[in-house]
Amino acid sequence: DVKVTQSSRYLVKRTGEKVFLECVQDMDHENMFWYRQDPGLGLRLIYFSYDVKMKEKGDIPEGYSVSREKKERFSLILESASTNQTSMYLCASSCLLAGGYNEQFFGPGTRLTVL
Amino acid sequence: GQQLNQSPQSMFIQEGEDVSMNCTSSSIFNTWLWYKQDPGEGPVLLIALYKAGELTSNGRLTAQFGITRKDSFLNISASIPSDVGIYFCAGQQATQGGSEKLVFGKGMKLTVNP
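Here the protein sequences line up with chains F and Z, keeping their order. My numbering applies: residue 10 is where the first sequence begins, and numbers increase by one. My numbering applies: residue 785 is where the second sequence begins, and numbers increase by one.
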């Protein structure tokens, strides 16, 4: 089974702190994604990566950066956390399957609270 | 960023009832996907649809890829308590870099009363 793990299930940080969210997948997937999930807004794509050291901005990249130094690991960085970044953060990985679509496998999520 | 129009936003039903939900978009998608998120977990893929007009079943779930490629629906028959969760539709589209990304609906929260 594909497994996507995230470093923390719950995290509490203070405004202005630098925050690292780590994601690791064990299936040698090329693509990795970071989303945030907010009530009534669904999942919104922050950044994604289709290869080591490659990254693309998603729909809401402002205030975030990412790092992909190894294929299995994709990190989301909040350079200076703000209260409006309190949210559930979901990591996903995928590879191209027969039929031409990418099934994205999600981690359990990290619920981040910024005080 | 683009999002899909998913409706309804929530449903409260009795065990044994059927559920229908749908997604629409102003854009064409190559693939439509339906995910379910259990409380406290990440979303899990339920059904993937590849071709316009395609109707696919997976147990009590039935989904269709609209003929215009701009919509999809999901039906759940004879609901049971473990159907509780949030259901998301997603459309797949190519990015400028050549990779694929998903656009998600806002989700439909389902509550099933035993």
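Don't be surprised by glycine CBs; every beta carbon is placed ideally from N, CA and C.
Any chain C beta carbon closer than 8 Å to residue i
i	result
Lys885(Z)	No chain C appears in the structure shown, which is made up of the protein chains F and Z.
Environment of residue i [buried if 16+ CB atoms lie within 10 Å]
i	result
Lys79(F)	exposed
Asn842(Z)	exposed
Ile55(F)	buried
Ser791(Z)	exposed
Val123(F)	buried
Arg23(F)	exposed
For residue i, the three-state DSSP class (helix, strand or coil)
i	result
Thr92(F)	helix
Asp60(F)	coil
Asp822(Z)	coil
Asp802(Z)	coil
Ser84(F)	strand
Asp867(Z)	helix
Ala836(Z)	coil
Chain F contact residues for residue i, given Cβ-Cβ distances below 9 Å
i	result
Phe849(Z)	Under the 9 Å cutoff, chain F gives no residues; its nearest Cβ is about 12 Å from Phe849(Z).
Lys820(Z)	By Cβ distance, chain F contributes nothing, its closest Cβ being about 11 Å from Lys820(Z), past 9 Å.
Contacts that residue i makes with chain Z (C-beta to C-beta distance below 7 Å)
i	result
Leu99(F)	Gly826
Gly118(F)	Gly826
Phe83(F)	Going along chain Z, no residue has its Cβ under 7 Å from Phe83(F), so there is no contact; the nearest lies around 14 Å.
Interface partners of residue i on chain F, CB under 7 Å
i	result
Gln787(Z)	Gly51
Leu829(Z)	Glu112
Gly875(Z)	Those within 7 Å of Gly875(Z) in chain F number zero; the least Cβ separation is about 11 Å.
Contact list for residue i against chain Z, beta-carbon separation under 9 Å
i	result
Gly72(F)	The contacting residues do not exist; Gly72(F) stays about 15 Å from chain Z at best.
Leu54(F)	Gly785, Lys885, Leu886, Val887, Phe888
Beta-carbon proximity list for residue i, same chain, < 8 Å, skipping 5 on both sides
i	result
Phe115(F)	Val13, Leu99, Cys100, Ala101
Gln46(F)	Leu52, Arg53, Ser96, Met97, Tyr98, Leu99, Gly118
Val828(Z)	Tyr819, Lys820, Gln821, Asp822
Beta-carbon contacts of residue i that lie in its chain and below 7 Å, excluding the five residues immediately before and after
i	result
Lys66(F)	Tyr56
Glu39(F)	Tyr59, Asp60, Cys104
Glu801(Z)	Ser863
Chain-ordered chain F contacts of residue i [CB-CB under 8 Å]
i	result
Gly836(Z)	Gly is not the amino acid found at residue 836(Z); the sequence shown has Ala there. Per Cβ cutoff of 8 Å: no residues; Ala836(Z) is ~14 Å from chain F at best.
Phe872(Z)	Gly51, Leu52
Close beta carbons around residue i, own chain, < 6 Å, minus the five adjacent residues each side
i	result
Glu31(F)	Ser16, Ser84
Ser804(Z)	Asn859
Distance cut-off 7 Å: residue i Cβ against heavy atoms of the ligand FMN
i	result
Leu124(F)	Among the components modelled here there is no ligand, and therefore nothing to report on the ligand FMN.
At a CB distance below 8 Å, what residues from the segment 797-817 of chain Z approach chain F? Give them in sequence order. Within the segment 797-817 of chain Z, the qualifying residues are Asn814, Thr815, Leu817.
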